[in-house]
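This report refers to the structure that appears directly beneath it.
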Amino acid sequence: MNYTLCDEKLNNKIEIGKKIRVIGFDDAPFNKSIDTRVNLTGVVCANSQFEGMLWGEVTRDGLDSTAAILHLLKESKFLPQLDAILFDGIAFGGFNILDIHHISQSFNLPCITVMRRVPDFSKISNALKNLDDYDVRWSLIQQAGEVFENAPFYFQVAGVSSNIAYKVLQKVTVQGNVPEPLRLAHLIGSAVKTGQSSNRA
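The numbering used here applies: residue 1 is where the sequence shown begins, and numbers increase by one.
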């Protein structure tokens with residue numbers, strides 16, 4: 001991907017006040033004891049305004065989260081309109097790790113993972129040793145790259161510079177440190193699975 005071209009395109013939109021369309025993916029609540037499948041919610045926003053939704057699933061602690069995202073987006077009417085893809089963290093359904101660089105390259109779109117704090121990578125590595133395919137999972141986490149801190153956000157990027165990614169996050173966040181597409185994805189996933197929305201995103 002041409003980072004310079006991508007940065008320029010997004011920066012121009014933001015600077016002249018044009019809307020940017022972003023999809024944010026989060027996993028829905030699941031029971032770690034019995035659930036083998038975990039639902040995903042993808043919410044499309046123009047800036048912070050809701051425009052649409054995708055619904056899918058991944059295997060708990062599996063290796064299919066990247067394939068699931070690729071399938072959902074390829075089949076989506078929203079794909080041609082998107083300027084960026086956001087993820088709530090680097091994994092869904094436990095330790096089903098995303099390959100954000102592959103997703104970014106597949107669609108020629110920036111991918112940004114958003115987290116609430118810098119992950120404890122030592123703790124994550126130890127937890128992954130309890131699962132099959134440790135080397136594959138740990139490699140994906142390492143490939144995701146540096147965690148950037150630019151208040152109030154912690155994030156990783158693929159296909160875009162950290163400076164432009166920060167501008168995107170600011171553009172689609174109403175308050176706090178949770179971008180609106182991710183906040184809505186969390187609320188919808190919680191409501192569908194538990195019968196009521198949860199404030200924690």
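C-beta atoms are modelled at their ideal positions from N, C-alpha and C, and glycine is treated no differently.
Predicted model only: the values in this text are computed from it and were never measured.
In the DSSP annotation of this structure, the continuous segment of the alpha helix (DSSP H) that includes F107 starts and ends at I100 to F107. Contact check for A28 against V192 passes: the beta carbons are separated by less than 8 angstroms.
Assignment of L86 by DSSP, reduced to helix, strand and coil, places it in the strand class. Between L10 and I112, the C-beta spacing is not below 8 angstroms. Rounded to whole angstroms, the gap between the alpha carbons of R60 and I16 is 42 angstroms. The beta-carbon distance between D83 and L182, rounded to whole angstroms, is 15 angstroms. This is too long to meet the 8 angstroms contact definition.
The shortest C-alpha to C-alpha distance from F148 to any of D64, G52, C6 and R117 is the one to R117.
Note that the C-beta distance between F92 and S65 is below 8 angstroms. Within a 10 Å sphere around the beta-carbon of E180 sit 16 or more other beta-carbons, which makes this residue buried. With contacts defined as CB atoms closer than 8 angstroms, Y166 and N150 qualify as a contacting pair. With contacts defined by Cβ atoms closer than 8 angstroms, D133 and L40 do not form a contacting pair.
G189 is positioned such that its CB atom lies closer than 8 angstroms to that of D26. For G145, same chain residues with a beta-carbon under 6 angstroms away, outside a window of 5 residues either side, are Q156 in chain order.
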